[in-house]
Structure formats: structure tokens, C-alpha cells
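These notes concern the structure reproduced below.
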Amino acid sequence: MIQDPWRDASHTMSSAELKTLWHALNREPLMIAYFIDMRMPEHLHRIDANIYAFLDSVPAAQQALVFVDPSQHCEAPGWPLRNILTMLHVRYGIHECRVLCWKEPMGDVPHDHARSMMACLSYQHDTSDACVDCIIQRANAPSKPDAVGWERDVRGRLVPKLVALGEMLDPQFLADQAVDLNLRLMRWRMVPDLALDTIQSAEALLIGAGTLGCYVARTLLGWGVRNITLVDNGRVSFSNPVRQPLYEFHDCLDGGRPKAVAAADALRRISPGVHAQGVELAIPMPGHAVPSSLLRQTREAVESLEALIRRHDVVFVLTDSRESRWLPTLLGAAHNKVRSWRDLPCLQDHYTHTFAVSLSFTLFPVQLVINAALGYDTYVVMRHGTSSERVGCYFCSDVVAPSDSQTDRTLDQMCTVSRPGLAAIAGATAVELMVSILQHPHTQSALSETTDDDEKDSERYADTTSDGKYKPVHDESVALPHQIRGNLGSFTSHTMESQAFEQCTACSPPILSAYEHNGADLVCAACDDPSCLEHISGVQALKADVDARAVDIAWDNEHDDDD
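Residue numbering for the sequence shown follows the UniProt record's numbering, starting at 1 and increasing by one per position.
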């Protein structure tokens, strides 16, 4: 209890003594309480086992407990004083003491101690005080008493609040938070229903770690995608670093590092939080015969590529030849698992539209194939469709099977010749197309229109409504292009659409059925003789029918001339 009311400390100690005490407190390590002899305030005595010597040698009237008060209240001490007094009573048997609540000066006056206050406190045992009585008389009491002023945790225990600041000092954690903050600002200021969790949780497979692969990987990092796998069997050459931003000069030395591995290492250096993996893998290609000694290796390559495509959500086909795109396209069509939220009756009945879109990408597998290719000053970026009412794949516009386009080429044809800025445009377009597809309710089944149609079509592609507001990302009226074809020569781009070809040599039902039954045997057969793909898909029969009709037309023309 308080024997005397709290009074200004200057009533008991002079201004010079308070100034001396202030200097002493500044010299000592920060502690919440000390004992002092008011006649010599420059000496601070810590509360430890040696305090008994101080208590015995200094008269009680000259003893004072200096409590560094965190409270800003001018008439009451802070809560920690209760803990200090309890400790003094239980451990050291102190029942009465003079307390100086030291409050740091405020404002520009360093020696203004008018806020500090002093009072005499004493403890009187009260049998009705169950808490203090329990502290004193409890059997097997611990050496340190239970402190008051703590809050109970989720288990009902009185424990201090802890804040883990280790992560806040970790540069990797800070970098990840900075990337996420930038994306969250996009959602907060521009597109409130931007599905960042869907985008960032997608696992991307990049087949090809060349110029296109490097730019696609960098753009994926910008969107916060943290699971990226790169597949390539090439090595970094001296011409690569200036055009492929994930490589440096030292990667070219000693024959060159494997591209996939070097690219994955570069991604981890740029963003340490990314889970990047490089896989060295030679993709079997139609027209590139497989010798008997490599049959086993070829079958393993097919199985490895199939496992990678099954495991990832988004597949980017970014290789540098037409025939190297055939097997990824076939496997992507064979294992396509895209499901719209409309296909889930439970979501239709129990969840709102927006929540259903978000939940469907979290719980159900999404597999998306995006193809990108470069010319000298032209590029194409296209998405592959689903099984029902689907748009075409990379090979659906061809009536010939892919074959060897690399053998017997001249020197100027052996490397990709394209304008340096073209890959950056195509790579960014491919990733932005992925983002738009992942957020659409129908994913790859979203409607597709062309920029050459009516003026109303441009409204469907517009990001904003007529009043200037952004359309919701789950708006079903927003069209997603099937193909984007650009030309740097004329600085133009067009969106186009082509339906799936029933006799396609990569994604037609006969080809998919043949692969389902024969697996790697079909791939090996296509490598040895690409014409087998034309036979299985029905392209040979189609061309024979066209030739027959051409002969009939020629005979009809000759008959007309005779007349």
C-alpha cells in the first residue's frame, strides 16, 4: 500500500542530485530498476545477490528503489512496478521501500525531471489476498515467482508475447515480400479480383531454355511464379549471353555450361525464393532416326518428358525447330486436364461466382500448353485448346507431318536469325496470355475471336468498360485470343483463330489413341519415318482424295474445252 501520496521527486532530491542520477542511468546498461543511496545518487546498485550488503550498510531512510518507468501517465507508475515489488518481497523479504519512478524528460530540455515522482510503499499481508498468499505459502514454489501482467495464450497459459523478427531481417524474405507487395498493389489499385494466388501457385514447365525461354522465365518471376522447370539439352555458347539474359560470359567457358542448369541457377540468383530446376533432356523428334543403340535412351526421354508435363500446370513450348515441338504438343493434348468451374456442380450450388473461380484453380488440376515461335521479324504466340470445341494446336494448320529440318542446312540456317527485340515481345506476350487464361472461368475453353472481325469484337478484348472501369477478370464476355501474330517490320499485331484439324498429326483423336496404346513405340516409329503420322492421322487419305478430285476437275476442264 502507499504510505505517502506520489509527489514530485524534486521535493525529496535536489536538482543537482537528479541530474547526477540521470547521468548515472545513461552510463549503465539498460535495466528497469536499481537501488541507490540518495546521498550518493551517482552509484547504482543492481538487484542481485549482492543487494543484501547494500541493504545492511545504508540506512533505510536513505534507500530508494529507482524504477525506470515506461508509463507516460504523470500521476501513476507503470504496470511493471508490480512485478518488481513482488520480486523484492518474495525473494529478498523487503516489505517497505521508497520508490522513485524515473520518467525520462520530454521535449528539448534534457534535464527536466519534473515528471519523475516518489512515494513510500509498504506491503501489509492480507489473508483475503489469495494471489499474494498463494505466492508466499505455496509448497514446492519455484525459485522465481509467477509474474503478473501477462496475457493467456491459446492454451490458457500465462506467457509473455513473443514476436519473431528473424524473417524481417532475412534479405531473401524481404525480397519475396517486395515482389508480392508490387503485385498486391496492382490488385488493390487496378484489378480488385486479380487471382494472384492462382498465378503464383502455378508450376511452369519451359521446354527450351534459349532466347524465348530466358524471357519467359524472367516474366514469370515478375508475376511471382516460384516453381519453374527448364528443359534443354544444349550448352551455352559465346553468342548466347547478349541475346539470352539468363547467361553470362563465364557460362560459355570450358565448352559451355548446360543451358537448363545455368538458367535455373540464374533464376535463383535473381530471386532466391524461386524453386527453379534445370533438366538436361534431348527431346525425340520426327525425322531424326533413332539407332538401335539409343532406343532405350529414347524411351526414357519420352517417359521423363511425359512425367514432367503431368507434374506441371502450364507448359511453354519454346524450342527452335518445328519437329522438336511435336512431342510436347502430343503429350500436352494427351494429358490435358483443364476443367472449368462450370463442370463442378458442387460449386454451382454452394459458392458464388468469384469464389468458385478461385477455388477451382486451387483444388483441381489445370494444364495449359502455350506455344511461341520466332521468325526474322515475326512471331506467333498461341494457346492449345481443350477436347470439346477446341481451337487448334501448332500443327493443326499443316497437312504434312513434321520432319527433319536441321540436317544439311547451310551455316546461315543453323542458328535462329531474328531481331534481338523480338523474343522479349513474344516471351512477355506468352506469359500475359497465360495469366489471362488462368483467371478466365473457362480457361482454355474461353471464346476466341479475331481482330479482323466486327468492331464489337474489340470491345470484348478491351480491359475496361465504356465508363472506364476495369472488367472483372472472371467476366465471361472477355475474349481470349487463340493466336497472337506480330510483325516488327510493320509494328503490327493481329489475333487470329483456327479450329482443330481432324487429321492433325499431333493432337487428332487417331494420334492420341495410337499414343495411348503404343506409347514410346509410336514416338520411335515417327522418328524413323514421319510419314507414319500422316497415315495414322488420315492426312495421307485426305491428300489422296484431294489429288483424285483434282484429276476429276482437270478431266472436266478438258471436256469443256472440246465442247
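All C-beta atoms in this analysis are idealised placements derived from N, C-alpha and C, irrespective of residue type, glycine included.
- Message: Would the segment 197-208 count as touching the segment 244-254 if we require 3 or more Cβ pairs under 8 Å?
- Response: Touching, no.
- What are the boundary residues of the alpha helix (DSSP H) that N83 is part of? It spans P80 to Y92 - the alpha helix (DSSP H) in which N83 sits, taken as one unbroken run.
- Message: Let me make sure I understand the geometry here. Which of M38, L25, N26 and A24 has the alpha-carbon closest to that of residue 637?
- Response: Any property of residue 637 remains undetermined from this structure, which presents the chain solely from 1 to 563.
- When we look at the beta-carbon of D313 and count the other beta-carbons within 10 Å, is it buried (16 or more) or exposed? Counting Cβ neighbours within 10 Å, D313 comes out buried, since at least 16 surround it.
- Query: Does the beta-carbon of R339 have 16 or more other beta-carbons within 10 angstroms, so that it is buried, or is it exposed?
  - Reply: Residue placement at R339 cannot be trusted, given a pLDDT of 37 that sits under 50; the coordinates are not used to answer.
- What does a CB cutoff of less than 6 Å around S537 pick up in its chain, not counting 5 residues either side in sequence? Hits under 6 Å: Q503, T505, S508, P510 and I511.
- Mark D232 as exposed unless 16 or more other C-beta atoms lie within 10 angstroms of its C-beta, in which case mark it buried. Label assigned to D232: buried.
- Query: Taking the C-alpha atoms as reference points, what is the distance between R310 and L158?
  - Reply: Going from the Cα of R310 to the Cα of L158 covers about 50 Å.
- Message: For P258, list the residues DSSP reports as bridge partners.
- Response: BP columns for P258 point to R235.
- Item | Close beta carbons around G519, own chain, < 8 Å, minus the five adjacent residues each side | Cβ within range, chain order: V302.
- Integer Cβ distance of S7 from M118, believed to fall under 8 Å: Contrary to the premise, residue 7 reads as Arg rather than Ser in this sequence. In this structure R7 is in contact with M118, their Cβ atoms being roughly 6 Å apart against a cut-off of 8 Å.
- Straight-line Cα distance separating A426 from L488: L488 and A426: Cα-Cα distance of roughly 11 Å.
- With a threshold of 16 other CB atoms inside 10 Å of the CB of A289, please say whether the residue is buried or exposed. Counting the other Cβ atoms within 10 Å of the Cβ of A289 gives fewer than 16, which makes it exposed.
- Task: List the endpoints of the continuous beta strand (DSSP E) containing D37.
- Result: Here the beta strand (DSSP E) through D37 covers A33 to D37.
- Is the Cβ-Cβ distance between L267 and A307 less than 9 Å? Contact annotation: L267 and A307 have beta-carbon atoms that are not nearer than 9 Å.
- P509: first and last residue of the uninterrupted beta strand (DSSP E) it sits in: The continuous stretches of beta strand (DSSP E) do not include P509, which lies in the alpha helix (DSSP H) extending over residues P509 to N518.
- Are three or more beta carbon pairs between the segment 222-229 and the segment 325-333 nearer than 8 Å? Taking 8 Å as the limit for Cβ pairs, the verdict is that the segment 325-333 does not touch the segment 222-229.
- Message: In this structure, how does DSSP classify H278 when only helix, strand and coil are distinguished?
- Response: Here residue 278 is Gly; the residue named in the question, His, does not match the sequence. In the three-state scheme derived from DSSP, where H, G and I count as helix and E and B as strand, G278 is classed as strand.
- Message: Assuming C120 is part of the beta strand (DSSP E), what are its boundary residues?
- Response: In the DSSP annotation of this structure, the continuous segment of the beta strand (DSSP E) that includes C120 starts and ends at M117 to S122.
- Would the beta-carbon of S493 fall within 9 Å of that of H482? It is not a contact, given that the beta carbons lie outside the stated cut-off.
- Message: On a Cα-Cα basis, can you pick out the residue from P192, L220 and T211 that is closest to L205?
- Response: In terms of Cα proximity to L205, the closest of P192, L220 and T211 is L220.
- If we call anything under 9 Å between Cβ atoms a contact, is D377 one with L422? In contact: D377 and L422 (Cβ atoms closer than 9 Å).
- For N26, which of helix, strand or coil comes out of DSSP? Here N26 carries a helix assignment [DSSP, helix/strand/coil].
- Item | Residue of E28, A24 and Y52 minimising C-alpha distance to M40 | The option with the nearest alpha carbon to M40 is A24.
- Residues near A209 in its chain [Cβ-Cβ closer than 6 Å; skip 5 each side]: Correct list, in chain order: L230, D232, K259, A260 and A263.
- Message: What does the Cβ neighbour count give for C74, buried or exposed, with the cut at 16 atoms within 10 Å?
- Response: When all chains shown are included, C74 counts as exposed.
- Note down the Cα distance separating L194 from N182, rounded to an integer number of angstroms. Straight-line Cα distance between these residues: approximately 13 Å.
- Using DSSP with H/G/I as helix, E/B as strand and the rest coil, what is C74? Correct three-state label for C74: coil.
- Beta-carbon proximity list for V417, same chain, < 8 Å, skipping 5 on both sides: The answer, listed in chain order, is Y376.
- Opposing strand residues paired with H45 [DSSP bridges]: Note: H45 sits in a beta bridge opposite F35.
- Hey, could you find the ends of the alpha helix (DSSP H) I283 is sitting in? Neither: I283 is in no alpha helix (DSSP H) and is coded neither H nor E.
- Query: Based on the DSSP output, what are the partners of F316 in its beta bridges?
  - Reply: When beta bridges are read from the DSSP output, F316 appears opposite L206 and I370.
- Message: Quick check: what's the CA-CA separation for H535 versus A541?
- Response: Approximately 7 Å, taken between the alpha carbons.
- Residue closest to H432, alpha-carbon to alpha-carbon, out of M382, S239, E248 and L65: The question names His, yet the displayed sequence has Glu at residue 432. Checking every option, the nearest Cα to that of E432 belongs to M382.
- According to DSSP, what are the bridge partners of T505? In DSSP, T505 forms no bridge with anything.
- Grab me the residues of H95's own chain with a C-beta within less than 7 Å of its C-beta, minus the 5 sequence neighbours each way, in chain order. Counting only Cβ-Cβ distances below 7 Å, and skipping sequence neighbours, we find H89, S122 and Y123.
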